[in-house]
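Here the structure comes first, spelled out in structure tokens, and everything after it is commentary.
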Amino acid sequence: MCSNSAVIIPRPDPCFSFLPTRPDIIPFPASVSFRIRTVFHHGPSKSIPNDTVHFSDPATLYDLLGIPETGTLLEIKQAYKQLARKYHPDVSPHDRVEEYTKMFIRVQEAYETLSDPRRRALYDRDMLRESTWLSLLVGFSNPM
1 MCSNSAVIIP RPDPCFSFLP TRPDIIPFPA SVSFRIRTVF HHGPSKSIPN DTVHFSDPAT
61 LYDLLGIPET GTLLEIKQAY KQLARKYHPD VSPHDRVEEY TKMFIRVQEA YETLSDPRRR
121 ALYDRDMLRE STWLSLLVGF SNPM
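Residue 111 in full-length UniProt numbering sits at position 111 of the sequence shown, with consecutive numbering throughout.
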């Protein structure tokens, strides 16, 4: 015998009203921030051997992956795979494991952000805001 009965869903406790009511809604930060570091070197320049990888702070995640800001998902995946193979800790020189691991993590984070359309849109929006703010700041500090 089959009975049709209504399912009673209890009301949420008011103490937990800050939690999302739908399970598919995941809180996400309203903005993503990043820093641009400038390093000044004084004194004689030192040559870097050809087999040495020079890690610099790229201005954007796109720069990190070496793709244009208009890059497709396929380009993002290809760049990620190439860099992940290059910087994976298992293939790093023994004296540079920590350095390669940090770079591998940065590449992984760039891929996770740019391969997700929602996260990429938020990143692009924040990047545009920051570049607009910087251009306004430079405009005010450099009167003609």
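Every residue, glycine too, gets a C-beta built ideally from N, C-alpha and C.
When the beta-carbon positions are compared, Ala-110 and Leu-74 stay at least 9 Å from each other. Uninterrupted alpha helix (DSSP H) stretches at least 4 residues long and entirely within the stretch 98 to 144 occur at 117 to 141, given in chain order. In the three-state reduction of the DSSP assignment, Ala-84 falls in the helix class, which pools H, G and I.
Rounded to the nearest whole angstrom, the C-alpha separation of Ile-67 and Gln-108 is 15 Å. Counting the other CB atoms within 10 Å of its CB gives Ala-79 a total of 16 or more, which places it among the buried residues.
Between Pro-58 and the set Thr-72, Arg-106, Glu-130, the nearest pair of CA atoms involves Arg-106. Spanning the alpha carbons of Glu-99 and Tyr-87 requires a straight line of approximately 9 Å. Non-local beta-carbon contacts of Ile-76 in its own chain, meaning distances under 8 Å to residues more than five positions away in sequence, involve Leu-65, Ile-67, Tyr-111, Leu-114, Ser-115 in chain order.
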